[in-house]
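Novice: Numbering (numbering that gives the first Met the number 0), first residue to last: 0 to 644. Using N, Cα and C, we set each Cβ at its ideal position, and we do this for glycine too. Keep in mind the model is a prediction, meaning the values are calculated, not measured.
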Amino acid sequence: MSHRLFLRSLLTVLAILISAGPGSGRAMAAEAWPKVASPYGIDPKTEARIDALLARMTLAEKVGQITMAEIHSISPNDVKRFHIGGLLNGGGSWPNKNRKATIPEWLVMANAFHDASIDPRGKRTAIPVIWGTDAVHGHNNVIGATLFPHNIGLGAMRNPGLMRDIGIATAREVSVTGIGWAFAPTVAVARDDRWGRTYESYSEDPALVADYAREIVVGLQGHPALDDAFGVGRVIATAKHFVGDGGTLKGDDQGDTVLDEAKLKALHAAGHVTAIGAGAQTVMATFNSWNGVKTHGNKYLLTDVLKDRLGFDGFVIGDWDGHAQVPGCLKVSCPAAVNAGVDMIMVPIDWREFIRNTSIQVKKGEISQARLDDAVRRILRVKIRAGLLERGRPSQQPLAGKTQLLGHPDHRALARQAVRESLVLLKNNGILPLAPGKKILVAGHAADSIPHQTGGWTITWQGRDNTNADFPGATSVFAGIRDAVAAAGGTAILSEAGNYDASPAASPDAAIVVFGETPYAEFEGDLESERGLDLDDERALEILKRLKAANIPTIAVFLSGRPRWVTPEIDAADAFIAAWLPGSEGAGIADVIFSDPAGKIRHGFSGKLSFSWPASPVGPPPNIGDPDYAPLFPFGFGLTYGKGG
Ligand code: GLC
């Protein structure tokens with residue numbers, strides 16, 4: 000190679016590496032990523048308005064605007080004093096720390112924070128604070144809300160259109176409490192089911208995730224082309240977590256996604272691309288690293304790729320103290336994250352010291368004024384697009400306080416349809432559909448347990464410490480079976496242990512054993528051992544074997560946040576249904592299991608696996624596209640009635 004040519008290549012590589020900033024760990028240039036057109040575009044009037052606001056804002060007001068605190072670590076007066084730009088209620092955080100907080104309690108708190116953040120006298124450049132919440136399968140922190148199936152079940156529906164309706168219903172229920180921002184959708188492409196957040200992913204297939212992300216963002220936010228962007232009952236959406244959250248080694252939550260850039264883009268960015276194309280106004284940075292570099296500090300990904308190349312013109316919200324994982328950073332201090340492109344830092348508890356340190360870092364030039372202004376501009380742009388500067392108090396919003404919308408029958412019917420369409424029939428030796436007017440034994444620890452149906456991110460962060468009483472209006476799997484059977488003159492008997500009267504007159508005509516995973520969220524759901532996917536719970540298998548020995552036709556209903564290795568249970572049952580985490584409308588399962596009294600099918604099985612089902616409990620789970628792909632049931636599998644069902 001000539002000296003001149005060598006020098007040019009060296010300079011090119013150096014230029015790419017320098018532009019990538021510290022720790023980019025990448026070889027490709029941003030130009031290899033797709034360019035996405037935001038449906039909002041940059042409005043000169045909006046930008047001029049922001050110019051004027053920026054010109055008036057003090058350093059303290061700007062640094063406050065890029066800071067997000069948790070509602071229980073800050074008072075309205077603090078919001079006023081420190082010009083806080085964002086708030087969140089973490090999973091299991093409610094007004095007055097009351098899990099049964101009423102809608103008025105939510106609204107009183109939302110009003111208090113809002114009023115503190117604006118200044119009617121106009122003396123300060125007061126910008127309304129914005130409150131975000133994890134409404135990831137309905138307004139799941141609020142008792143009485145409709146709880147949709149978690150994303151893994153929705154992916155099995157293969158019905159992107161329904162996702163828009165689910166987004167609309169979710170946004171309307173969130174609006175009832177005066178909150179204007181949902182940290183949803185999760186557009187992760189989970190590739191190792193040992194990950195504790197697999198159920199937050201629609202699929203291992205990026206194309207399916209991309210289709211779903213587009214639709215639910217339109218449902219949540221509306222869309223400019225539909226003349227309904229941020230109209231009544233709409234909220235700001237969040238595409239999360241950018242990028243590669245579902246690709247970590249061994250599914251280790253917040254771990255390292257080791258992939259070349261082409262694979263990272265192809266596998267893990269698809270949902271972000273369509274979400275941004277649908278107008279998602281916020282993107283949440285991911286905890287995980289990419290090739291050893293923590294994303295909250297990766298300027299190449301957060302700025303060069305996401306903003307400059309993809310064209311994302313909303314704002315990047317950090318994840319819960321995710322900035323503190325960047326080398327050299329603390330919860331209270333992280334210029335690297337701001338410089339990398341995180342526009343609002345989620346520092347739930349330590350926000351006061353973070354503000355102090357960040358102000359000093361701007362004064363010292365560790366964070367440039369231009370970067371700070373860009374972050375504030377993006378936040379203001381989103382708040383203006385969402386109408387927040389004009390909207391007034393949370394309680395004055397059109398749907399605020401309309402408690403009847405929470406768990407509305409139309410929303411529950413929508414959720415029940417989603418449950419039906421999410422069910423995947425893995426085995427049926429002909430006993431399904433069941434005739435309803437019979438004696439049905441319903442067994443299993445999850446049979447009458449709504450918490451097992453709703454999983455994590457439900458009322459509490461981990462979805463634990465809940466009981467059926469926490470779900471007014473909801474139906475357990477058993478309740479749905481009981482009602483369907485009774486309507487046909489039959490009887491359903493609940494026995495978690497699977498005990499029954501074996502006398503000829505009383506012996507059940509069939510049995511349904513409902514079992515599954517206990518609720519979990521995030522890293523608490525990671526499966527660490529090599530036998531990770533083995534279901535370490537033999538209770539259902541014992542019941543299934545006992546019923547099989549007694550020649551009682553038996554259906555297994557498996558409630559889980561991911562495929563598990565349950566081959567023994569599948570072998571022991573006459574029929575096996577993967578029901579995922581169906582949410583509040585457990586009756587949707589009976590809708591499909593039972594025909595009508597005349598034997599006519601009411602709802603058939605239509606669900607198809609959006610995750611490959613493992614043939615072994617050991618090692619990395621199979622994914623569509625693997626060279627040595629050998630699942631027990633492949634991606635897309637699902638029996639139906641009448642066709643081998
Ligand atoms: C959590 C999750 C993120 C969530 C945030 C706020 O750690 O990673 O998905 O939106 O914190 O609850």
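Given the structure, does aspartate 318 come close to the ligand GLC, in the sense that its CB is under 7 Å from one of the ligand's heavy atoms?
Specialist: Because some heavy atom of the ligand GLC lies under 7 Å away, the Cβ of aspartate 318 counts as near it: yes.
Novice: Would you tell me roughly how many angstroms separate the C-alpha atoms of lysine 264 and tryptophan 32, rounded to the nearest one?
Specialist: Rounded to the nearest angstrom, the two C-alpha atoms are 7 Å apart.
Novice: For glycine 89, which residues of its own chain have a beta-carbon under 8 Å away from its beta-carbon, when the five flanking residues on both sides are left out?
Specialist: Closer than 8 Å at the Cβ level, and outside the excluded window around glycine 89, lie Glu69, Asp133, Trp319, Pro347, Trp460.
Novice: Closest by CA to valine 556, which one among Val418, Asn150, Ala501, Ser288?
Specialist: The option with the nearest alpha carbon to valine 556 is Val418.
Novice: Give me, in chain order, the residues of the same chain whose beta-carbon lies closer than 6 Å to that of alanine 473; leave out the 5 immediate sequence neighbours on both sides.
Specialist: Taken in chain order, the residues that qualify are Ile449, Ser583.
Novice: Where does tyrosine 519 land, buried or exposed, given buried means 16+ other C-beta within 10 angstroms?
Specialist: Under this definition tyrosine 519 is a buried residue.
Novice: Contact between the region 67 to 84 and the region 340 to 355: three or more CB pairs below 8 Å?
Specialist: Verdict: yes, contact present.
Novice: Within the same chain, show all residues whose beta-carbon is closer than 6 Å to that of isoleucine 383, passing over the 5 residues directly before and after it, in chain order.
Specialist: Closer than 6 Å at the Cβ level, and outside the excluded window around isoleucine 383, lie Thr45.
Novice: Do you know whose CA, among Pro223, Leu153, Gly488, lies nearest tyrosine 39's CA?
Specialist: Checking every option, the nearest Cα to that of tyrosine 39 belongs to Pro223.
Novice: Under the assumption that glycine 221 contacts alanine 228 (Cβ atoms under 8 Å), give the Cβ distance between them as a whole number of angstroms.
Specialist: The Cβ separation is near 5 Å, so the contact holds.
Novice: Please list, in chain order, all residues of the same chain as glycine 166 whose beta carbon is under 6 Å from its beta carbon, the five residues on each side excluded.
Specialist: Result list for glycine 166: Ile215, Gly218, Leu219, in chain order.
Novice: Near histidine 113, which residues of its chain fall below 7 Å by C-beta distance, leaving aside the five closest residues on each side in sequence?
Specialist: Correct list, in chain order: Pro127, Val128, Arg392, Pro393.
Novice: Please say whether leucine 558 and valine 513 have beta carbons closer to each other than 8 Å?
Specialist: Closer than 8 Å, so yes.
Novice: Report the rounded CA-to-CA distance for phenylalanine 477 versus isoleucine 554, giving the unit in angstroms.
Specialist: The alpha-carbon atoms of phenylalanine 477 and isoleucine 554 are separated by roughly 13 Å.
Novice: How about lysine 306 and alanine 339: are their beta carbons less than 8 Å apart?
Specialist: No. Outside cutoff.
Novice: Which two residues bound the contiguous alpha helix (DSSP H) that contains leucine 87?
Specialist: First-last for leucine 87: 85 to 88, but that is the beta strand (DSSP E), not the alpha helix (DSSP H).
Novice: Taking lysine 607 as the reference, which of Asp252, Ile151, Glu529 has the closest Cα?
Specialist: The option with the nearest alpha carbon to lysine 607 is Ile151.
Novice: Quickly, what does DSSP pair threonine 185 with across the bridge? List them, please.
Specialist: In the DSSP output, where bridge partners are listed per residue, threonine 185 has Lys239.
Novice: Using a beta-carbon distance below 8 Å, is serine 174 in contact with chain C?
Specialist: Considering every chain present, this structure includes no chain C. It has just one protein chain.
Novice: Which same chain residues, not among the five before or five after alanine 111, have their C-beta less than 8 Å away from its C-beta?
Specialist: Within the same chain, alanine 111 has close Cβ partners Pro75.
Novice: So if DSSP puts aspartate 536 in a beta bridge, which residue, or which two residues, is it bridged to?
Specialist: Bridge partners of aspartate 536: none, in fact.
Novice: Can the beta-carbon of valine 234 be found closer than 8 Å to that of alanine 181?
Specialist: It is a contact, given that the beta carbons lie within the stated cut-off.
Novice: In chain order, what are the residue ranges of uninterrupted alpha helix (DSSP H) at least 4 long that sit wholly in the region 78 to 164?
Specialist: Here the runs fully enclosed are 102 to 116, 150 to 156.
Novice: Could you give the distance in angstroms between the alpha-carbon of glutamate 523 and the alpha-carbon of arginine 98?
Specialist: Each residue's Cα considered, the two are about 21 Å apart.
Novice: Whose CA, out of Arg377, Thr457, Ile492, Ala170, lies closest to the CA of glutamate 199?
Specialist: Glutamate 199 has its Cα closest to that of Thr457, out of Arg377, Thr457, Ile492, Ala170.
Novice: Would you mind listing the beta strand (DSSP E) stretches within the region 372 to 429 that are 3+ residues and don't spill past its ends, in chain order?
Specialist: DSSP runs (the beta strand (DSSP E)) wholly in the region 372 to 429: 423 to 427.
Novice: May I have a chain-ordered list of the beta strand (DSSP E) segments no shorter than 3 residues that lie completely inside the region 220 to 270?
Specialist: The region 220 to 270 contains these whole beta strand (DSSP E) runs: 237 to 241.
Novice: Starting from glutamate 523, follow the beta strand (DSSP E) in both directions and report where the run begins and ends.
Specialist: Careful: glutamate 523 lies outside any beta strand (DSSP E) and carries neither H nor E.
Novice: For a test of the three-state rule: what should DSSP assign to glutamate 584, helix, strand or coil?
Specialist: If DSSP states are grouped into helix, strand and coil, glutamate 584 belongs with the strands.
Novice: I want to check one thing, is the minimum distance from the CB of phenylalanine 575 to the heavy atoms of the ligand GLC below 7 Å?
Specialist: Phenylalanine 575: no, Cβ never under 7 Å from the ligand GLC.
Novice: Please report the distance separating the alpha-carbon of serine 23 from that of aspartate 210.
Specialist: Because the pLDDT of serine 23 is 45, which lies under 50, any placement of that residue in the model is unreliable, and the number read from its coordinates should be weighed accordingly. Near 29 Å, if we compare the C-alpha coordinates of aspartate 210 and serine 23.
Novice: Could you tell me the distance, in whole angstroms, from the CA atom of histidine 407 to the CA atom of lysine 401?
Specialist: For histidine 407 and lysine 401, the distance between alpha carbons rounds to 10 Å.
Novice: When every heavy atom of the ligand GLC is checked, does at least one fall within less than 7 Å of the C-beta of histidine 240?
Specialist: Yes, since a heavy atom of the ligand GLC falls inside the 7 Å radius drawn around the Cβ of histidine 240.
Novice: Starting from serine 594 and walking both ways along the beta strand (DSSP E), at which residues does that stretch end?
Specialist: Careful: serine 594 lies outside any beta strand (DSSP E) and carries neither H nor E.
Novice: Can you give me the Cβ contacts of leucine 13 inside the same chain, cut-off strictly under 6 Å, excluding the 5 residues immediately before and after it?
Specialist: With a pLDDT of 48 at leucine 13, under the threshold of 50, the modelled position of this residue cannot be trusted, and the question is left open.
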